[in-house]
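Undergrad: Pasting in a structure now, in structure tokens, and then I'll have a few things to ask.
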Amino acid sequence: LEIDDRFVSLLKSAATELELERSVEPFDLREPIPKGMREKFGAVFTDPPYAIEGFTLFIQRAHDLLRPDGRLIVSFGQSRRSPERGVQKQAALIEAGFLIEEIIPNHTRYEGALSIGARSSLYFCRKTPLRRRSIEGRLGGELYSKRSPKRRTKRAHLEEEARDE
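So my numbering is basically just the index in the sequence shown, starting at one, shifted up by 266.
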């Protein structure tokens, strides 16, 4: 699943060129995972947004996609001056029902991205049934900033429509 049509095209081309039997579909993770895709996949790789709200949404949706024996590979980083960001993300993984089995530190280096120390680590996680929190429904708002996305309940939607009238 990928929201950016350019990456969808690139990934589809690469799968064809490498003769991989893989499907790449355009999808916005702010939407709930369709029932037909739940618990269908053996592995999910994600390089989620750095903001904890977007990170949490991505790993929660990954949990929805993975089979009970599934694995999550997630890339994220934090600077040495902000280790609490790493702790926060590791806690989100545990709350989402993942066991961190292996970490490859400083796997990827970035130009810029000083807020995460210009590098990220790869976390290999196993899905467990010990999910403490899940995100249901559609989320609105930005996922790539520190502004929290807002869960849109039917009531909130109706209240917003009433204000707009």
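Where is the CB? At the ideal position from N, CA and C, for every residue including glycine.
Since we're looking at a predicted model, the values are computed, not measured.
Report yes if the C-beta distance between Val290 and Lys306 is below 8 Å; otherwise report no.
TA: In this structure, Lys306 does not lie closer than 8 Å to Val290 by Cβ.
Undergrad: Going by the CB atoms, is the gap between Ile299 and Arg327 shorter than 8 Å?
TA: Contact: yes.
Undergrad: Is it a yes or a no for the segment 383-397 touching the segment 357-375, going by three-plus beta-carbon pairs under 8 Å?
TA: The segment 383-397 vs the segment 357-375: in contact.
Undergrad: Mapping the DSSP letters down to three states, classify Glu426 as helix, strand or coil.
TA: Here Glu426 scores only 47 on pLDDT, less than 50, and its place in the model should not be relied on; the value that follows carries that caveat. Helix.
Undergrad: Between which two residues does the beta strand (DSSP E) containing Ser341 stretch?
TA: Leu332 to Phe342 is the extent of the beta strand (DSSP E) around Ser341.
Undergrad: Tell me the DSSP secondary structure of Phe307 in three-state form.
TA: The answer is strand: DSSP assigns Phe307 an E or B state.
Undergrad: Could you please give the first and the last residue of the uninterrupted alpha helix (DSSP H) stretch that includes Ile369?
TA: Taken as a continuous stretch (DSSP letters only), Ile369 belongs to no alpha helix (DSSP H), being part of the beta strand (DSSP E) at Phe364 to Arg375.
Undergrad: To the nearest angstrom, how far is the alpha carbon of Tyr316 from that of Phe342?
TA: When rounded, the distance between both Cα atoms is 7 Å.
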